[in-house]
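From first to last, the protein sequence lines are chains A and B.
First residue of the first sequence: 1, per this note's numbering; consecutive thereafter.
First residue of the second sequence: 1, per this note's numbering; consecutive thereafter.
Yeah, the Cβ is synthetic: ideal placement off N, Cα and C, and Gly gets one too.
Note that the coordinates shown come from a computational prediction; the quantities given were computed from them, not determined experimentally.
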Amino acid sequence: MEELEKLVKDFKVSIEQNMLPKLDEKSFYKLLEGLAVKSREKVTASELIDILLKSLINEENFLELLTSLIPSRVLERWKEKGLLPIAPVKEIFNSSLKAGFGINSNPFDLILQAVKCSIVGLGCSMILYKLRDLIYGVPTPRNGYIGLGTLSNRDVNIIIKGLPIVLIDTLFKEMRKPEIVKMVQENGANGINIVGLGAFGLDLLVRYGTPSCGGALDIERVVSTGCVDLVILDDLCNLFSISSLAESYGTKFLSFSPLVAIENVSKMKYTPRNSEMLAKSLLKSAVDHYNRRKQVVKLPEEKLEVKCGFSVEYLKTLPVNGLSILSKAINDGKIKGIVLIVGCEKLSEDDKSKVVEFVKKLIKNDILVLCSGCWIYSIIDILPMVEEGTKDAGNNLKEVCKELSIPPVVLLGSCTELGRGFELFMEISKENNIDLKDLPVTILVINYVNNLVLNLGISGASLGFTSFISGSKSLGSEEVLRILQDEVGTLTGGRIIVETDLNKTFETLFDLIIDKSKLLTENI
Amino acid sequence: MICGDYMGKFFAELQRDIEEVSKVYERKDREIWIEINKDDLKDFLRNLKNKYDAHFITISATDVGGKIQLIYHLDVNGLLLNVKTKIGKLLAIIDSVSDIFRSAEWIESEINEMFDVKFKGKTYSRRFLSENFSEGFHPLRRGKL
Numbered sequence: 001m002e003e004l005e006k007l008v009k010d011f012k013v014s015i016e017q018n019m020l021p022k023l024d025e026k027s028f029y030k031l032l033e034g035l036a037v038k039s040r041e042k043v044t045a046s047e048l049i050d051i052l053l054k055s056l057i058n059e060e061n062f063l064e065l066l067t068s069l070i071p072s073r074v075l076e077r078w079k080e081k082g083l084l085p086i087a088p089v090k091e092i093f094n095s096s097l098k099a100g101f102g103i104n105s106n107p108f109d110l111i112l113q114a115v116k117c118s119i120v121g122l123g124c125s126m127i128l129y130k131l132r133d134l135i136y137g138v139p140t141p142r143n144g145y146i147g148l149g150t151l152s153n154r155d156v157n158i159i160i161k162g163l164p165i166v167l168i169d170t171l172f173k174e175m176r177k178p179e180i181v182k183m184v185q186e187n188g189a190n191g192i193n194i195v196g197l198g199a200f201g202l203d204l205l206v207r208y209g210t211p212s213c214g215g216a217l218d219i220e221r222v223v224s225t226g227c228v229d230l231v232i233l234d235d236l237c238n239l240f241s242i243s244s245l246a247e248s249y250g251t252k253f254l255s256f257s258p259l260v261a262i263e264n265v266s267k268m269k270y271t272p273r274n275s276e277m278l279a280k281s282l283l284k285s286a287v288d289h290y291n292r293r294k295q296v297v298k299l300p301e302e303k304l305e306v307k308c309g310f311s312v313e314y315l316k317t318l319p320v321n322g323l324s325i326l327s328k329a330i331n332d333g334k335i336k337g338i339v340l341i342v343g344c345e346k347l348s349e350d351d352k353s354k355v356v357e358f359v360k361k362l363i364k365n366d367i368l369v370l371c372s373g374c375w376i377y378s379i380i381d382i383l384p385m386v387e388e389g390t391k392d393a394g395n396n397l398k399e400v401c402k403e404l405s406i407p408p409v410v411l412l413g414s415c416t417e418l419g420r421g422f423e424l425f426m427e428i429s430k431e432n433n434i435d436l437k438d439l440p441v442t443i444l445v446i447n448y449v450n451n452l453v454l455n456l457g458i459s460g461a462s463l464g465f466t467s468f469i470s471g472s473k474s475l476g477s478e479e480v481l482r483i484l485q486d487e488v489g490t491l492t493g494g495r496i497i498v499e500t501d502l503n504k505t506f507e508t509l510f511d512l513i514i515d516k517s518k519l520l521t522e523n524i
Numbered sequence: 001m002i003c004g005d006y007m008g009k010f011f012a013e014l015q016r017d018i019e020e021v022s023k024v025y026e027r028k029d030r031e032i033w034i035e036i037n038k039d040d041l042k043d044f045l046r047n048l049k050n051k052y053d054a055h056f057i058t059i060s061a062t063d064v065g066g067k068i069q070l071i072y073h074l075d076v077n078g079l080l081l082n083v084k085t086k087i088g089k090l091l092a093i094i095d096s097v098s099d100i101f102r103s104a105e106w107i108e109s110e111i112n113e114m115f116d117v118k119f120k121g122k123t124y125s126r127r128f129l130s131e132n133f134s135e136g137f138h139p140l141r142r143g144k145l
């Protein structure tokens with residue numbers, strides 16, 4: 001929610017100042033009218049944004065927003081079971097209160113509150129990516145690079161782990177200006193190399209094709225190459241060891257988030273109005289650091305090509321109507337189902353081989369795999385994420401992938417983009433006129449670190465899907481697990497399965513998808 | 001009484017039929033144990049009934065961790081044929097064979113209540129468990145996975 005609020009506020013100023021050259025006014029109105037303002041007429045862009053902001057605190061507006069995003073059958077189920085959240089701010093406030101001393105000792109009620117918050121998170125995540133699409137453009141399949149080899153010895157390397165919206169565009173523009181190019185060359189560098197990192201790195205990759213050098217937890221590895229000149233942090237998944245990294249390597253770390261408070265990380269205030277000045281000062285500071293680099297270091301060459309970028313909009317714009325093809329293939333049992341995998345942490349070597357084997361089994365059996373989150377950084381070298389990967393897929397999946405020009409294992413983007421996967425499932429269910437819970441779709445949360453990812457698993461279950469939460473971590477007491485696995489499922493129509501044994505999880509997930517597909521095709 | 005020649009032919013033919021659907025074949029005296037895919041089960045049993053006039057004895061069910069194992073016990077010309085199959089635990093669904101063997105109806109209902117296994121194509125007319133067991137509780141099922 002906080003991400004969304006920040007984005008919406010920046011967005012408003014940017015619109016008022018006319019600072020977003022990419023913005024397509026027609027799409028903007030279409031999006032916002034679709035979202036929350038159907039009944040109102042002739043409002044300005046700024047007023048529309050105000051309505052969106054209001055929906056974060058106003059129950060009525062938020063419900064209107066949810067109605068435009070979530071299928072009515074699911075909304076009715078939530079309403080009937082008392083799961084419909086009030087408004088994001090209020091739900092989050094209630095959660096903090098309930099978790100306080102002497103207020104609530106009922107684990108079921110606390111978990112119910114968590115489910116409501118996950119629904120809030122789901123709604124916000126869906127609007128977030130829709131707005132991001134509007135600002136940065138809709139992701140369409142493109143080739144990109146991932147790995148430490150994306151850093152360059154002779155360039156000024158700027159790592160972006162998070163940056164406000166207008167600043168990204170401005171930064172890309174500024175670095176091409178003759179005076180900056182001249183400054184870079186005078187300091188002996190060939191150019192400026194902007195590389196993404198972590199979840200935001202994936203966002204940049206799917207939208208701009210900007211290479212990404214690793215996951216959020218790779219930051220130590222990346223900075224210790226000695227050739228990183230500037231790291232810009234967001235307020236998601238920062239390692240606290242950053243402070244000692246900054247000391248050891250002299251790399252400058254800074255953040256524009258008012259929430260980040262880590263030693264040796266400078267903070268900068270940002271408003272869309274001062275973005276040009278800020279972009280210049282960022283570039284200058286990075287070039288200064290380049291100048292202080294003592295020697296040319298030997299960089300690892302690992303750099304892998306991936307095909308990334310996928311969206312419902314992309315499917316819809318295909319001349320063959322990709323959405324219909326995919327929906328029909330699922331309805332006919334040609335594609336057995338879809339597994340959406342999200343996670344954070346690097347996999348251990350043992351787990352890595354299990355996951356790869358499992359993903360290969362899925363695609364061999366005509367099951368499409370969508371991936372999001374930082375876990376993919378550790379596995380990208382062995383997953384068939386390029387079009388040639390279709391050779392490992394079953395014949396039916398191969399055919400559909402070819403028609404849609406996508407690999408059998410699709411890189412969706414960051415964990416915050418998971419809403420995009422949910423939107424795809426909603427569109428398929430609408431197209432086939434079946435309830436979400438009857439779709440042969442499952443969510444697999446693997447090796448999570450950030451509770452955001454765990455929350456996405458619960459959001460999936462609240463929509464009616466089965467979410468498997470797997471990895472080395474246990475979630476809590478037996479009572480909590482019982483409520484999560486048994487009672488939450490009864491309320492939402494979906495299921496949450498917590499299992500630390502990967503093999504068991506994979507076996508059950510596979511059986512479930514195949515059984516569900518069969519039920520769907522046999523129309524039972 | 002079945003004569004030796006006939007028995008030899010019968011075994012050979014049955015073994016051929018089994019080999020078409022099962023890779024696991026174990027024979028101990030007058031007992032045969034085989035394992036087949038759940039999708040092939042119904043057709044295989046129908047074939048046994050039509051071809052050899054097989055008689056249904058019962059089904060044993062066991063929760064084996066991630067799956068539910070079902071063993072269909074049949075009498076085929078005095079031979080005990082045990083057909084083993086495994087089904088996923090979450091959806092736990094398999095074709096009912098009560099339209100081939102009427103006598104399977106009772107045990108399928110019992111397994112449904114004890115293990116939450118749904119038998120496709122079957123309607124459950126009555127509940128066997130007493131009211132002390134709440135709806136949705138399946139006594140012989142161990143955990144989710």
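* Whole angstroms is fine: what's the gap from K28 (chain B)'s alpha carbon to D53 (chain B)'s? => In a straight line, the C-alpha of K28 (chain B) is about 22 Å away from that of D53 (chain B).
* Asked: From what residue to what residue does the alpha helix (DSSP H) around I135 (chain A) run?
  -> Looking at the DSSP string, the run of the alpha helix (DSSP H) that includes I135 (chain A) is P107 to Y136.
* Beta carbon proximity, L91 (chain B) to chain A, threshold 9 Å -> Taking Cβ atoms only, chain A reaches closer than 9 Å to L91 (chain B), which makes this a yes.
* G65 (chain B): contacting residues in chain A (beta-carbon distance under 8 Å) -> Correct list: K504.
* Applying the criterion that 16 or more other CB atoms from any shown protein chain within 10 Å of the CB defines a buried residue, is G8 (chain B) buried or exposed? -> Under the 10 Å beta carbon count, G8 (chain B) is surrounded by fewer than 16 other beta carbons and is classified as exposed.
* **Rounded distance between the beta-carbons of S285 (chain A) and L230 (chain A), thought under 8 Å** => That pair is a contact at about 6 Å.
* To do: Determine the direct distance from the alpha carbon of M426 (chain A) to that of S243 (chain A), and round the result to whole angstroms.
  => Distance between the alpha carbons of S243 (chain A) and M426 (chain A): 43 Å.
* Would a check of beta-carbon distances place G78 (chain B) closer than 9 Å to chain A? -> Taking 9 Å as the CB threshold, G78 (chain B) stays off the interface with chain A.
* How would you list, in chain order, the residues of chain A whose beta-carbon sits under 7 Å from the beta-carbon of G88 (chain B)? -> Result: T508, D511, L512 and D515.
* Asked: Taking 9 Å as the CB-CB cut-off, is T150 (chain A) touching chain B?
  -> Closer than 9 Å: no.
* To do: Residues of the segment 453-481 of chain A with a CB closer than 8 Å to any CB of chain B: list them in chain order, please.
  => Listed by position, the residues of the segment 453-481 of chain A near chain B (Cβ gap below 8 Å) are T466.
* **Range of the contiguous alpha helix (DSSP H) that encloses S130 (chain B)** => Element bounds for S130 (chain B): n/a, residue is neither H nor E.
* Per-residue burial, N264 (chain A) [other beta carbons within 10 Å of its own, 16 or more giving buried] -> By the Cβ-count criterion, N264 (chain A) is exposed, with fewer than 16 other Cβ atoms from all chains shown falling within 10 Å of its own Cβ.
* Asked: Skipping 5 residues on each side, what residues in its chain have a beta carbon closer than 6 Å to that of G136 (chain B)?
  -> A distance below 6 Å between beta-carbons, with the five flanking residues on each side excluded, links G136 (chain B) to no residue of its chain.
* To do: Measure the alpha-carbon distance for P164 (chain A) versus L7 (chain A) and round it to whole angstroms.
  => Those two C-alpha atoms are separated by around 8 Å.
* Bounding residues of the beta strand (DSSP E) (the contiguous stretch that carries D75 (chain B)) -> From DSSP, the beta strand (DSSP E) with D75 (chain B) extends over K67 to V76.
* Can you check whether the CB of K336 (chain A) is closer than 9 Å to the CB of P408 (chain A)? -> Their beta carbons are not under 9 Å apart, which means P408 (chain A) does not touch K336 (chain A) by this criterion.
* T521 (chain A) versus T390 (chain A) - alpha carbon distance -> Going by the C-alpha atoms only, they are around 24 Å apart.
* To do: Kindly say whether R293 (chain A), judged by its beta-carbon, lies nearer than 9 Å to any beta-carbon of chain B.
  => Not a single CB atom of chain B sits nearer than 9 Å to the CB of R293 (chain A).
* Please go through the segment 21-69 of chain B and give each complete beta strand (DSSP E) segment of 3 or more residues, from N-terminal end onward. => Given a length threshold of 3 residues, each whole run of the beta strand (DSSP E) inside the segment 21-69 of chain B is given here in chain order: 22-28, 31-36 and 55-63.
* To do: Could you name the residues of the same chain whose beta carbon sits closer than 7 Å to that of L383 (chain A), not counting the 5 residues immediately before and after it, in chain order?
  => Closer than 7 Å at Cβ, skipping near neighbours: V356, V359 and V409.
* Range of the contiguous alpha helix (DSSP H) that encloses D332 (chain A) -> Unbroken run through D332 (chain A): none, as it is neither H nor E.
* To do: Just the C-alpha distance for I92 (chain A) and A246 (chain A), rounded to the nearest angstrom, thanks.
  => One C-alpha to the other measures close to 34 Å.
* Y145 (chain A) in three-state terms, based on DSSP -> Of the three classes helix, strand and coil, the one that applies to Y145 (chain A) here is strand, per DSSP.
* **Nearest-angstrom beta carbon gap, A104 (chain B) and F56 (chain B) [assumed within contact, 8 Å]** => At roughly 5 Å, the Cβ-Cβ gap stays under 8 Å, so F56 (chain B) and A104 (chain B) are in contact.
* Just grab the DSSP bridge partners of M157 (chain A) for me. => Contrary to the premise, residue 157 (chain A) reads as Asn rather than Met in this sequence. Bridge pairing for N157 (chain A): A:N193 [DSSP].
* Asked: What runs of the beta strand (DSSP E), each 3 residues or longer, lie entirely inside the segment 234-259 of chain A?
  -> Correct list: 252-255.
* Asked: If you draw a straight line from the C-alpha of K116 (chain A) to the C-alpha of F465 (chain A), how long is it?
  -> So the alpha carbons of these two residues sit roughly 16 Å apart.
* Determine, using beta carbons only, whether I434 (chain A) comes closer than 9 Å to chain B. => Using a CB distance cut-off of 9 Å, I434 (chain A) does not count as an interface residue toward chain B.
* CB contact below 9 Å: G8 (chain B) versus chain A -> Judged by the 9 Å Cβ criterion, G8 (chain B) is not in contact with chain A.
* Going by CA-CA distance only, name the one from A:F101, A:I86, A:L110 and A:E388 that's closest to S95 (chain A). => Residue A:L110 is the option with its Cα nearest to S95 (chain A).
* Asked: According to DSSP, is G343 (chain A) helix, strand or coil?
  -> Residue state, collapsed to three classes: strand.
* Tell me, please, whether the CB atom of R154 (chain A) is closer than 9 Å to any CB atom in chain B? => It does not: the Cβ of R154 (chain A) has no partner Cβ on chain B nearer than 9 Å.
* Asked: Candidates A:C213, A:L368 and A:E47: which alpha carbon is nearest L397 (chain A)'s?
  -> The residue with the shortest Cα to Cα distance from L397 (chain A) is A:L368.
* List the DSSP bridge partners of G337 (chain A). => In the DSSP output, where bridge partners are listed per residue, G337 (chain A) has A:I367.
* **Cβ-based neighbour list, L418 (chain A), same chain, cut-off 6 Å, excluding 5 preceding and 5 following** => Answer for L418 (chain A): V342, S372 and L456, listed in chain order.
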